[in-house]
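Asks: What follows is a structure written as structure tokens; I'll ask about it next.
There are 4 protein chains.
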Amino acid sequence: MPRPPGHGPDFEVRRQKIIDTAAELFARQGYAATSVNDLGRAVGLAKGALYYYIGSKENLLIEIQGRVMSPLLSRTRQIAGLDTDPLLRLRLLSESLLTIIFHRLDHIWVYEHDYRSLTGPELQTLLGQRSEFEQLITGLLTEAAEQGSLRVAEPRLATLQFLNLHNHTYQWVKPGGRWDPAYLSREYCATLFRGFGAADADLAETEERATAFKRDRAELPLDPEAVWEPAPVGR
Amino acid sequence: MPRPPGHGPDFEVRRQKIIDTAAELFARQGYAATSVNDLGRAVGLAKGALYYYIGSKENLLIEIQGRVMSPLLSRTRQIAGLDTDPLLRLRLLSESLLTIIFHRLDHIWVYEHDYRSLTGPELQTLLGQRSEFEQLITGLLTEAAEQGSLRVAEPRLATLQFLNLHNHTYQWVKPGGRWDPAYLSREYCATLFRGFGAADADLAETEERATAFKRDRAELPLDPEAVWEPAPVGR
Amino acid sequence: MPRPPGHGPDFEVRRQKIIDTAAELFARQGYAATSVNDLGRAVGLAKGALYYYIGSKENLLIEIQGRVMSPLLSRTRQIAGLDTDPLLRLRLLSESLLTIIFHRLDHIWVYEHDYRSLTGPELQTLLGQRSEFEQLITGLLTEAAEQGSLRVAEPRLATLQFLNLHNHTYQWVKPGGRWDPAYLSREYCATLFRGFGAADADLAETEERATAFKRDRAELPLDPEAVWEPAPVGR
Amino acid sequence: MPRPPGHGPDFEVRRQKIIDTAAELFARQGYAATSVNDLGRAVGLAKGALYYYIGSKENLLIEIQGRVMSPLLSRTRQIAGLDTDPLLRLRLLSESLLTIIFHRLDHIWVYEHDYRSLTGPELQTLLGQRSEFEQLITGLLTEAAEQGSLRVAEPRLATLQFLNLHNHTYQWVKPGGRWDPAYLSREYCATLFRGFGAADADLAETEERATAFKRDRAELPLDPEAVWEPAPVGR
DNA sequence: AATGAATGAGCCTTCATTCAT
DNA sequence: GATGAATGAAGGCTCATTCAT
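In order, the protein sequences belong to chains A, B, C and D.
According to the UniProt record's numbering, numbering within the first sequence proceeds without interruption in unit steps and concludes at 235.
According to the UniProt record's numbering, numbering within the second sequence proceeds without interruption in unit steps and concludes at 235.
According to the UniProt record's numbering, numbering within the third sequence proceeds without interruption in unit steps and concludes at 235.
According to the UniProt record's numbering, numbering within the fourth sequence proceeds without interruption in unit steps and concludes at 235.
See the structure below:
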């Protein structure tokens with residue numbers, strides 16, 4: 001169970017590839033319906049060797065959840081803390097969320113579908129992180145309401161609408177299809193902001209600022225690949 | 001699999017109760033993670049007897065999907081065919097959908113989570129039905145756009161937003177909690193209609209009409225229980 | 001895991017036979033080195049059917065321990081409580097213990113060798129029972145010392161010698177061989193009692209009384225079979 | 001399995017340390033229940049390196065048996081061949097045996113518990129050595145009987161009692177506890193010799209001689225460490 | 001209508017061992 | 001000397017399903 005102390009240089013690379021494949025299979029067939037044998041066949045490794053890398057099947061699930069949750073949360077914290085208009089931050093956050101969904105759709109399937117297969121402390125951790133994520137959104141919506149940009153009677157319900165609209169996207173979206181994250185984010189935010197009573201002028205201004213932000217603040221890595229980097233090293 | 005030719009009078013009653021219980025278990029633990037043994041224990045029947053009623057495990061899944069899809073579709077067809085304003089029909093449809101979600105949350109969990117465990121023709125049937133359901137919504141949105149109530153550039157995307165907002169509700173809703181289907185429907189439709197550019201006046205009028213409709217047209221059984229009657233027997 | 005609620009009339013019979021076989025295998029190969037597959041082969045049952053009867057492998061170990069401990073303890077309590085000379089009671093206890101060892105040698109192997117494979121509460125229970133057994137012996141030795149029949153400076157050490165001498169017998173004894181439990185008991189007690197300073201007269205008297213006791217009090221089932229009856233039902 | 005032809009100077013040292021650790025683990029968990037991985041972790045060596053030293057898992061068992069059997073047998077032969085009273089030799093042998101038990105209790109656990117995991121010729125060898133050991137004891141008891149010190153009707157049974165009393169000690173003894181090998185040996189021999197009909201005077205004299213022997217004949221290394229020297233190297 | 005009993009495939013995991021480097 | 005990586009068999013156990021009664 002405890003992975004051996006030392007590993008060769010390729011260990012982590014191979015390990016990550018195995019988790020990639022696991023995410024694919026779990027997304028396609030479901031976590032419970034995917035056997036470790038299936039995974040072994042898919043990566044071309046006997047079961048014994050597989051366990052050398054993965055520790056346990058549940059571990060794979062944990063890793064996949066982390067691959068979603070960790071960049072999502074750190075990115076969301078970063079955006080929520082920006083010194084700009086709350087509508088803009090919601091708009092940026094929306095695009096980040098959709099970017100992650102697009103970029104690793106299989107992970108999102110697992111994340112949305114199979115988190116209940118987690119047990120014990122891992123589940124608790126995950127639920128805590130989800131809760132933090134939601135509260136950051138609630139905070140932004142409340143800010144926007146307080147400054148008068150939105151009319152939000154119930155922030156919790158507004159948050160849930162925000163989440164419904166974004167999170168369910170994984171069910172039908174096809175990366176490389178008609179729409180990209182930026183487009184979908186614009187549409188979703190238009191619906192939500194207008195739906196929550198924003199003035200058309202505010203909406204237009206938010207889009208302008210978002211465009212400018214993405215152009216000027218490129219060091220905030222909002223592009224799909226960067227979002228998945230473990231951590232912005234150095235720089 | 002071939003259900004025995006002759007049944008006693010209670011056969012169907014017990015069968016339905018077994019499916020009830022199956023839905024509960026599948027919702028709580030997932031279809032793949034629930035064993036036929038679990039079900040047997042929950043209904044107090046030995047496995048042999050269980051199979052007398054259920055035919056196979058997958059059969060239960062099919063039945064549950066049907067229990068969701070069939071009233072949903074028939075109700076949606078009924079509403080879509082009403083001779084009233086498209087906004088009103090969307091509003092009624094929204095409430096029906098949410099009513100179903102609230103009324104049998106466990107079935108919806110299974111419907112949303114485990115439909116991919118279906119195989120072959122059953123899956124095809126289901127996907128077809130889902131597609132029809134979506135097209136009915138698309139039709140209403142298009143109607144509303146044509147008559148000028150909404151500004152909908154891309155009906156497909158509008159439909160998907162409608163679905164996202166409603167369908168993801170099962171993930172967090174607690175029946176008996178703060179909000180009921182009527183309330184949520186009002187909120188969701190307010191967001192969507194306003195978000196899609198409806199005039200505030202149209203919104204208010206739609207709500208009025210919806211209230212009147214639900215008062216006067218009670219013969220259209222929109223109450224939660226009726227929605228779930230397996231089929232209007234004897235016609 | 002939970003055995004089905006109802007069983008046919010043969011269930012318990014078959015179950016006991018499976019435990020018999022398990023004891024044989026565990027005794028011959030050791031608990032850890034015997035696989036459930038081995039057992040299945042030995043009883044002519046597929047693994048699935050086996051688990052229908054046994055619940056788990058550890059369960060078998062628990063049952064086997066119980067088969068040893070339960071008659072041993074109840075018999076020992078019974079003898080220790082007799083209203084007779086402590087030397088006689090020690091002598092009767094010795095013979096009972098050896099009788100059990102002879103009667104189900106394979107169980108004793110498991111009992112002596114593999115009790116450390118038990119985990120959690122089962123192990124605690126067993127250790128408690130063993131402790132009670134030992135204390136009953138210590139009590140008798142102390143009684144004998146108090147009344148002057150034995151000179152026992154350290155009752156604990158005397159008890160351990162008693163146990164060493166008896167318990168290690170399973171390692172080499174061959175039921176049906178040169179010696180039977182009654183003979184061995186006479187020899188062991190002669191060594192111990194004399195070794196502990198008993199007068200030769202006391203020794204002879206104890207043997208006489210033991211013979212008489214076994215003749216007259218036959219309702220105290222000291223014969224090998226009876227020792228294994230679960231409990232003398234209704235007289 | 002074929003140990004590499006040339007070793008560095010530390011090879012044997014490390015090898016012995018690995019066997020030490022193996023004995024600890026086997027004693028605590030049982031041979032079958034201890035994995036080579038466990039051992040690797042305990043000695044801080046990867047499995048590959050481990051096999052360089054140990055050859056195979058069974059090899060460890062063989063080595064451990066040898067570590068018990070070889071000094072026990074050579075010491076027993078030495079003592080049995082002394083030109084002194086048989087009672088004294090039995091008494092010295094008893095103390096040697098108990099010394100070995102105390103000094104490496106873990107080895108004795110393995111020796112007593114897991115010898116049946118040996119296969120083929122190794123098992124035969126071991127059984128032969130055990131038999132020789134027992135016959136040396138039988139010989140001494142017979143001698144004592146012939147010279148009239150003991151009344152032993154059945155030397156084989158007397159031997160078995162001697163062995164029972166000593167060998168079962170490993171089950172409960174705690175080195176560093178209330179009793180040491182010398183004390184236990186005195187007690188055990190008192191019980192046995194008196195139990196076998198020795199005169200109290202003979203008993204006392206034997207103890208005196210044993211004390212003197214251990215004082216004067218220190219060149220016979222009866223101290224715990226010496227007993228364990230792998231072999232008197234260089235003579 | 002229902003049951004107890006059985007099966008064989010498959011589940012996740014660990015094992016002792018090997019071997020190129 | 002030592003390692004990381006791999007294997008194939010086997011471990012205990014659960015599964016959906018069947019069927020005689």
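Glycine included, each C-beta is placed from N, C-alpha and C at the ideal position.
So with Cβ pairs under 9 Å, would you call Tyr111/A a contact of chain B?
Replies: Closer than 9 Å: no.
Asks: Tell me whether Thr34/D is buried or exposed, calling it buried when 16 or more other Cβ atoms sit within 10 Å of its Cβ.
Replies: buried
Asks: Given that Asn164/D touches chain C, what residues does it touch there, using C-beta distances under 7 Å?
Replies: Asn164, Leu165, His168, Thr169
Asks: Going along chain C in order, which residues have a C-beta closer than 8 Å to the C-beta of Thr138/D?
Replies: Going along chain C, no residue has its Cβ under 8 Å from Thr138/D, so there is no contact; the nearest lies around 13 Å.
Asks: Buried or exposed: Arg151/B, going by 16 or more other Cβ atoms within 10 Å of its Cβ?
Replies: Arg151/B should be labelled exposed.
Asks: Express the C-alpha separation of Lys57/B and Gly8/A in angstroms, rounding to a whole number.
Replies: C-alpha separation (whole angstroms): 46 Å.
Asks: One question on the structure: do Pro86/C and Ala144/C come within less than 9 Å of each other, judged by their Cβ atoms?
Replies: Taking the C-beta atoms as reference points, Ala144/C is found nearer than 9 Å to Pro86/C.
Asks: Do the region 61-75 of chain A and the region 133-148 of chain B meet, that is, are 3 or more Cβ pairs less than 8 Å apart?
Replies: no
Asks: CB-CB under 7 Å to Ile19/D, same chain, minus the five flanking residues each way: which ones, in chain order?
Replies: Leu60, Glu63, Ile64
Asks: So, does the CB of Arg194/C fall closer than 9 Å to a CB anywhere in chain D?
Replies: yes
Asks: Does DSSP classify Leu87/D as helix, strand or coil?
Replies: Assignment of Leu87/D by DSSP, reduced to helix, strand and coil, places it in the helix class.
Asks: For the putative contact between Phe213/D and Leu203/D, defined by C-beta atoms under 8 Å, what is the C-beta separation to the nearest angstrom?
Replies: Their Cβ separation, rounded to whole angstroms, is 16 Å, which puts Phe213/D and Leu203/D out of contact at 8 Å.
Asks: Whose CA, out of Val43/A, Thr159/A, Gly120/A, lies closest to the CA of Gly139/A?
Replies: Proximity to Gly139/A across Val43/A, Thr159/A, Gly120/A peaks at Thr159/A, based on C-alpha coordinates.
Asks: Using a Cβ-Cβ distance under 9 Å, would residue 256/A count as near chain B?
Replies: Because chain A here runs from 1 to 235, residue 256/A falls outside it and cannot be looked at.
Asks: Name, going along the chain, the residues of the region 28-39 of chain D whose beta-carbon falls closer than 7 Å to a beta-carbon of chain C.
Replies: Gly30, Ala32, Ala33
Asks: Could you check which residue in Tyr170/D, Arg215/D, Glu12/D has the C-alpha nearest to that of Asp106/D?
Replies: Here the closest residue by C-alpha is Tyr170/D.
Asks: Mind checking if Arg116/D is an interface residue toward chain C, Cβ cutoff 9 Å exclusive?
Replies: Yes, Arg116/D lies at the interface with chain C (some Cβ there is under 9 Å from its Cβ).
Asks: Name the residues in the region 95-109 of chain B whose C-beta lies less than 8 Å from a C-beta of chain A; which are they?
Replies: none
Asks: Does DSSP classify Trp179/C as helix, strand or coil?
Replies: coil
Asks: So for Tyr53/D, helix, strand or coil by DSSP?
Replies: helix
Asks: Relative to the C-alpha of Glu187/B, which candidate in Ala210/A, Gln161/A, Ala198/A has its C-alpha closest?
Replies: Of the candidates Ala210/A, Gln161/A, Ala198/A, the one whose C-alpha sits nearest the C-alpha of Glu187/B is Gln161/A.
Asks: Does the pairing of the region 22-29 of chain C with the region 38-47 of chain C give three or more beta-carbon distances under 8 Å?
Replies: yes
Asks: If we call anything under 9 Å between Cβ atoms a contact, is His168/A one with Asn164/B?
Replies: In this structure, Asn164/B lies closer than 9 Å to His168/A by Cβ.
Asks: Measuring alpha carbon to alpha carbon, tell me which of Ser117/A, Thr119/A, Phe196/A, Glu95/A ends up nearest Ala210/A.
Replies: Measuring C-alpha to C-alpha distances from Ala210/A to each of Ser117/A, Thr119/A, Phe196/A, Glu95/A identifies Glu95/A as the nearest.
Asks: Provide the residue span of the alpha helix (DSSP H) that contains Leu45/A, from first to last.
Replies: Note, Leu45/A: premise wrong, no alpha helix (DSSP H); not H, not E.
Asks: Between the C-alpha atoms of Gly66/B and Gly128/A, what's the straight-line distance to the nearest angstrom?
Replies: 35 Å
Asks: So, using beta-carbon positions, are Leu136/C and Leu98/C closer together than 9 Å?
Replies: no
Asks: Name, please, each residue of chain B whose Cβ falls closer than 8 Å to the Cβ of Ala204/A.
Replies: Near Ala204/A there are no residues of chain B at all, since even the closest Cβ is about 14 Å away, more than 8 Å.
Asks: Quick one: what's got a C-beta closer than 6 Å to Leu90/A's C-beta in the same chain, skipping five residues either side?
Replies: Leu140
Asks: Starting from Arg28/B, trace the alpha helix (DSSP H) both ways and give me its first and last residue.
Replies: 11-29
Asks: Between which residues of its own chain and Phe133/D is the CB-CB distance below 7 Å, once the five residues before and five after are set aside?
Replies: Leu72, Leu73, Thr76
Asks: Mind checking which residues open and close the alpha helix (DSSP H) that includes Thr146/C?
Replies: Checking the sequence shown, residue 146/C turns out to be Glu, not Thr. That run of the alpha helix (DSSP H) goes 120-146.
Asks: Who are the near neighbours of residue 297/D in its chain, counting only those whose CB is closer than 8 Å to its CB and skipping five residues on each side?
Replies: Residue 297/D lies beyond the stretch modelled for chain D, which goes from 1 to 235, so this question has no answer here.
Asks: Please tell me whether Ser131/C and Ala199/C are closer than 9 Å, where the distance is taken between their beta carbons.
Replies: no
Asks: For Ala201/D, count neighbouring Cβ atoms within 10 angstroms of its own Cβ and tell me buried if that reaches 16, exposed if not.
Replies: exposed
Asks: Which stretch, first to last residue, makes up the alpha helix (DSSP H) that contains Thr34/B?
Replies: No alpha helix (DSSP H) holds Thr34/B; DSSP gives it neither H nor E.
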